[in-house]
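Counting from 1, one number per residue, gives the positions in the sequence shown under UniProt numbering.
Heads up, the beta-carbon is just placed ideally off N, CA and C, and yes, glycines get one too.
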Amino acid sequence: MSRLDTLAAAALAGKYGLDPAGQRVAVAFGTTQAVRHDGRSGGYRNEVLSLRLGTAVGSCAIEPGALPAAALDDCVGASVAELLAHPALPVRVAALDALLMAARPHTPANGARPHPLPAGSSLAKSRARARAVVDLLPVGRVRRVLVVGVVNSLLERLRGLGIGYLPCDLKGGTTEWGEPVRTDAAALLDDCDALLVSGMTLGNGSFDAFLDHAAATGKPLVAFAQTGSAVLPRFLGHGVSAVSAEPYPFFWLDGGPGVIHHYGGAR
1 MSRLDTLAAA
11 ALAGKYGLDP
21 AGQRVAVAFG
31 TTQAVRHDGR
41 SGGYRNEVLS
51 LRLGTAVGSC
61 AIEPGALPAA
71 ALDDCVGASV
81 AELLAHPALP
91 VRVAALDALL
101 MAARPHTPAN
111 GARPHPLPAG
121 SSLAKSRARA
131 RAVVDLLPVG
141 RVRRVLVVGV
151 VNSLLERLRG
161 LGIGYLPCDL
171 KGGTTEWGEP
181 VRTDAAALLD
191 DCDALLVSGM
201 TLGNGSFDAF
211 LDHAAATGKP
221 LVAFAQTGSA
231 VLPRFLGHGV
241 SAVSAEPYPF
251 FWLDGGPGVI
261 HHYGGAR
């Protein structure tokens, strides 16, 4: 059983104080993003499935075109319990994220530290977020970081600190600096002394390998999470050392000020 399945089973058993069978999704929506920042040579596209549960929104990023449009119809009006049994993993992730956002919102009472992001261009906000994420690492004792889910602003921040990195992403390709992006992140685990892992690994089923490695070796694992922002803090102390949680609406949706939420990590 995957760690996500174990967490879902705990939620179904009422551990988080809400009955998933009695919680129904009112709105399901997709957000499609295409990006090319000023001064950057390349761009990318993402899609995100989001589910509205009362005041909470749970999200899971997916590869463009990977989730059929009919999945939105499956979600609307369904209970969280039903969606936790959906055949599509991204639906299960978004449903669990929504439930945990409702049960454990990102507040100081639940262990979160708000970290403001200033208003600015998409690139300025991306860089501000990258600084906040990388600062959760114990940068003074990290030499090489496995980065799973390539974000060039994160790599730029690591470069500025003189920290080496191993860029990995299922899309492959190259970084802004012409470095090859590996697609076999699990094969590089022994070559790093810290991990920066995207929440998208929840949605593609690869998260357990990184969690298990960090738990077994004691290496710092920092998760940067738009996908599963309320899910990943549940693994603190069980392989995850810190989380930068960013629930919907994400920093790239507007130019105004925003906030992300930190758990654990360097102070």
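request  = Give the DSSP-derived three-state secondary structure of V222 in the structure shown.
outcome  = strand
key: Reference L195; option with closest CA among D212, R92, V48   = When each option's Cα is compared against that of L195, the closest is D212.
query = What is the residue span of the alpha helix (DSSP H) that G203 lies within?
reply = 200-204
ask   = Just to confirm, are A186 and A209 a CB contact at a threshold of 8 Å?
value = yes
ask   = Can you give the Cα-Cα distance for P114 and E246, rounded to whole angstroms?
value = 10 Å
ask   = So is K171 buried or exposed if we call it buried at 16+ other beta carbons inside 10 Å?
value = Exposed, because fewer than 16 other Cβ atoms sit within 10 Å of the Cβ of K171.
Whole-angstrom distance between A28 and A67, CA atom to CA atom = At residue 67 the sequence reads Leu, which differs from the Ala that was named. Answer to the nearest angstrom: the Cα atoms are 13 Å apart.
task = Within 10 angstroms of the Cβ of S2, are there 16 or more other Cβ atoms? Answer buried if so, exposed if not.
result = exposed
inquiry  = For a test of the three-state rule: what should DSSP assign to L96, helix, strand or coil?
reply    = The DSSP-derived three-state label of L96 is helix.
task = Would you grab the beta carbon distance between L189 and L146 for me? Rounded to a whole angstrom, and I think it's under 8 Å.
result = 7 Å
query = Can you tell me the Cα-Cα spacing of A216 and V231, whole angstroms?
reply = 21 Å
task = Would you please state the rounded distance, in angstroms, between the beta carbons of S126 and S153? I believe it to be under 8 Å.
result = The Cβ separation is near 4 Å, so the contact holds.
ask   = Just how far apart, CA to CA, sit L72 and G162?
value = 44 Å
task = Put E179 into one of helix, strand or coil per three-state DSSP.
result = coil
message = Pop quiz: C75 and V91 are said to be a contact at Cβ under 8 Å. What is the actual Cβ separation, rounded to whole angstroms?
response = 6 Å
query = CB-CB under 7 Å to G260, same chain, minus the five flanking residues each way: which ones, in chain order?
reply = In the sequence as displayed, the identity of residue 260 is Ile instead of Gly. The answer, listed in chain order, is H115, L117, R129, A132, S244, A245, E246.
key: With 16 other Cβ atoms within 10 Å as the buried cut-off, status of T183   = exposed
key: Completely contained beta strand (DSSP E) runs for the stretch 2-51, where each covers 3 or more residues   = 27-35
query = Between the C-alpha atoms of P138 and L221, what's the straight-line distance to the nearest angstrom?
reply = Rounded to whole angstroms, the gap between the alpha carbons of P138 and L221 is 10 Å.
message = I need the boundaries of the alpha helix (DSSP H) containing S153, first residue and last residue.
response = 152-160 is the extent of the alpha helix (DSSP H) around S153.
request  = Indicate, with yes or no, if the ligand ZN has a heavy atom lying under 7 Å from the CB of G164.
outcome  = No copy of the ligand ZN occurs in the structure displayed, which carries no ligand at all.
query = Can you list, in chain order, the residues of its chain whose CB lies under 8 Å from that of E47, leaving out five sequence neighbours each side?
reply = G30, T31, T32, Q33, A61, I62, E63, P64, G65, A66, L67
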